[in-house]
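**Student:** Numbered by our numbering, the letters in the sequence shown go through residues 61 to 317 in order.
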Amino acid sequence: MRLGRIASPDGVAFVAIEGDDGDARAKEIAEHPFGTPTFTGRSWPLSDVRLLAPILASKVVCIGKNYAAHIAEMGGEAPDDPVIFIKPNTSIVGPRVPIVRPPSSSRVDYEGELAAVIGRPCKDVPAAQARSAILGYTVANDVTARDLQQADGQWTRGKGFDSFCPLGPWIETEIDPSDLEIRTELDGAVVQRSRTSLMVHDIGAIVEWISSIMTLLPGDVLLTGTPEGVGPMTAGQEVSVVVEGIGTLTNPVVDRN
Ligand code: MG
61 MRLGRIASPD
71 GVAFVAIEGD
81 DGDARAKEIA
91 EHPFGTPTFT
101 GRSWPLSDVR
111 LLAPILASKV
121 VCIGKNYAAH
131 IAEMGGEAPD
141 DPVIFIKPNT
151 SIVGPRVPIV
161 RPPSSSRVDY
171 EGELAAVIGR
181 PCKDVPAAQA
191 RSAILGYTVA
201 NDVTARDLQQ
211 ADGQWTRGKG
221 FDSFCPLGPW
231 IETEIDPSDL
241 EIRTELDGAV
251 VQRSRTSLMV
261 HDIGAIVEWI
271 SSIMTLLPGD
281 VLLTGTPEGV
291 GPMTAGQEVS
301 VVVEGIGTLT
311 NPVVDRN
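Here it is in structure tokens:
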């Protein structure tokens, strides 16, 4: 099932998206999308509604340095344990919402990533049981002010600006995430292309590691790291991250005045 969130005629609605591209419909879910959803009976053509970020996260926990070729391009060493950091939930935006480059940075990079969305409260989840903790998967862009990240020595400012965590277009609940193509396009040119099978720490290991540190709540989002090919975006460009079997997340880039 594809689960999303839309701007509905009377507010915001969780929806299940059914049907193929041309005539897909967004069916309104009563209450929340966790567990087995029930439906209100209202639906809209997907082409008539605006998709929002598919979930409201209490936190976004991210893995750094999780593809060997990206570690190499950054000039670092592969860590034994996953390196994690948190992006504030206020950095989340949905599809088509502009990524805003702050004036304090002169280099804002895209980082295309697969994201896992947590489906239930959980702690100390063994890797073999990670699937039971996950609602589904979506697409993320771990936008990073590279110069500020490097200047600060830690990553909160460089990765925490409003709009620095585009998510979407929806959550795919029925997909095996272990070997999907992940691709980033800048103004249509492919700048990152890899496969999720090349992660250093796979989804199970990531869930086990993070949940050994902190309780995860329904809707929390785990970013699984970016492959090689990271690079800067400038105002006026458009960036798309595509994960095979999930969808395409596209955002324009603007400068904050
Ligand atoms: Mg990243």
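Think of the CB as a built atom: it goes at the ideal place given N, C-alpha and C, for glycine as much as any other residue.
On a predicted model such as this, the values are computed, not experimentally measured, just so you know.
Which same chain residues, not among the five before or five after V203, have their C-beta less than 6 Å away from its C-beta?
**Tutor:** Taking the first residue of the sequence shown as 1, we reach residue 203 at position 143. Here the set comprises I159, F224.
**Student:** Would DSSP call S165 helix, strand or coil?
**Tutor:** Against the sequence shown, residue 165 aligns to sequence position 105. Residue state, collapsed to three classes: coil.
**Student:** Who are the Cβ neighbours of L112 in its own chain at under 7 Å, not counting the five residues just before and after it?
**Tutor:** For the purposes of this step, residue 112 is taken as the residue at position 52 of the sequence shown. Counting only Cβ-Cβ distances below 7 Å, and skipping sequence neighbours, we find R65, I66, A67, V72, G154.
**Student:** Taking the continuous alpha helix (DSSP H) assigned at A176, which residues delimit it?
**Tutor:** Looking up residue 176 in the sequence shown gives position 116. Where A176 is concerned, there is no enclosing alpha helix (DSSP H), although the beta strand (DSSP E) it sits in stretches over 172-178.
**Student:** If you measure between the beta carbons of E78 and R85, is that distance less than 8 Å?
**Tutor:** As a working note, residue 78 is residue 18 in the sequence shown. As a working note, residue 85 is residue 25 in the sequence shown. Cβ distance < 8 Å, so E78 and R85 count as in contact.
**Student:** D140 to E133, Cα distance in whole Å?
**Tutor:** Counting from one through the sequence shown, the residue named residue 140 turns up at place 80. Counting from one through the sequence shown, the residue named residue 133 turns up at place 73. Looking at the two C-alpha atoms, the distance is approximately 18 Å.
**Student:** Alpha carbons only, please: which of V75, P278, T98 is nearest the one belonging to E88?
**Tutor:** Looking up residue 88 in the sequence shown gives position 28. That would be V75, whose Cα lies nearest to the Cα of E88.
**Student:** Among all the DSSP beta bridges, which residues are the ones paired with A76?
**Tutor:** Within the sequence shown, residue 76 is the residue found at index 16, counting from 1. Answer by DSSP bridge pairing, in chain order: L63, K87.
**Student:** The alpha helix (DSSP H) that contains I235, what's its start and end?
**Tutor:** Locating residue 235 in the sequence shown gives position 175, where the first residue counts as 1. I235 -> no alpha helix (DSSP H), and no H or E assigned at all.
**Student:** May I ask you to report which of helix, strand or coil DSSP gives R102?
**Tutor:** Against the sequence shown, residue 102 aligns to sequence position 42. Strand at R102.
**Student:** If you count every other CB in all the chains shown that lies within 10 Å of the CB of V250, and 16 or more means buried, which is it?
**Tutor:** As a working mapping, residue 250 is identified with position 190 in the sequence shown. Classification of V250: exposed, given that the 10 Å Cβ count is below 16.
**Student:** Determine the contact status of Y190 and E137, defining contact as a CB-CB distance below 8 Å.
**Tutor:** For this step, residue 190 is matched to residue 130 along the sequence shown. For this step, residue 137 is matched to residue 77 along the sequence shown. Strictly speaking, residue 190 in this sequence is Ala, with Tyr absent from that position. No; because the gap between Cβ atoms is not below 8 Å, this pair is not in contact.
**Student:** Using the rule of at least 16 other Cβ atoms within 10 Å of the residue's Cβ for burial, across every protein chain shown, is D274 buried or exposed?
**Tutor:** As a working note, residue 274 is residue 214 in the sequence shown. According to the sequence shown, residue 274 is Met rather than Asp. With fewer than 16 other Cβ atoms within 10 Å, it is exposed.
**Student:** Give the secondary structure of D315 by DSSP, where H, G and I count as helix, E and B as strand, and everything else as coil.
**Tutor:** On the sequence shown, residue 315 is found 255 positions in, with the first residue counted as 1. Residue state, collapsed to three classes: strand.
**Student:** Nearer than 7 Å: is that true of the beta carbon of D202 relative to any heavy atom of the ligand MG?
**Tutor:** Along the sequence shown, one-based indexing puts residue 202 at 142. True, at least one ligand heavy atom lies under 7 Å from that Cβ.
**Student:** Should L57 be listed as close to the ligand MG, given that the test is whether its C-beta is under 7 Å from any heavy atom?
**Tutor:** Residue 57 is absent from the structure shown; the chain starts at 61 and stops at 317.
**Student:** Report the partner residues of S254 according to the DSSP bridge assignment.
**Tutor:** As a first step, residue 254 must be located in the sequence shown, where it is residue number 194. I242, per the DSSP bridge assignment.
**Student:** Give a yes or no on whether 8 Å exceeds the smallest Cβ distance from R191 to chain D.
**Tutor:** Reference to chain D is not applicable here, since this structure consists of a single protein chain.
**Student:** Look up M274 in the DSSP assignment and say whether it is helix, strand or coil.
**Tutor:** Counted from its first residue, the sequence shown places residue 274 at position 214. Coil at M274, not helix or strand.
**Student:** Measure the C-alpha to C-alpha separation of F99 and G279 and round it to an integer number of angstroms.
**Tutor:** Counting from one through the sequence shown, the residue named residue 99 turns up at place 39. Counting from one through the sequence shown, the residue named residue 279 turns up at place 219. Answer to the nearest angstrom: the Cα atoms are 19 Å apart.
**Student:** Where does the unbroken alpha helix (DSSP H) through I131 begin, and where does it stop?
**Tutor:** By 1-based counting over the sequence shown, the position of residue 131 is 71. Run containing I131: 128-134, per the alpha helix (DSSP H) assignment.
**Student:** Indicate, with yes or no, if the ligand MG has a heavy atom lying under 7 Å from the CB of E173.
**Tutor:** To locate residue 173, count along the sequence shown from 1; it is residue 113. Correct: E173 has its Cβ closer than 7 Å to the ligand MG.
**Student:** With DSSP as the reference, label E298 as helix, strand or coil.
**Tutor:** Stepping through the sequence shown from its first residue, residue 298 is reached at position 238. It is a strand residue.
**Student:** Put V157 into one of helix, strand or coil per three-state DSSP.
**Tutor:** Your numbering for residue 157 matches position 97 in the sequence shown. The answer is coil: DSSP assigns V157 none of H, G, I, E or B.
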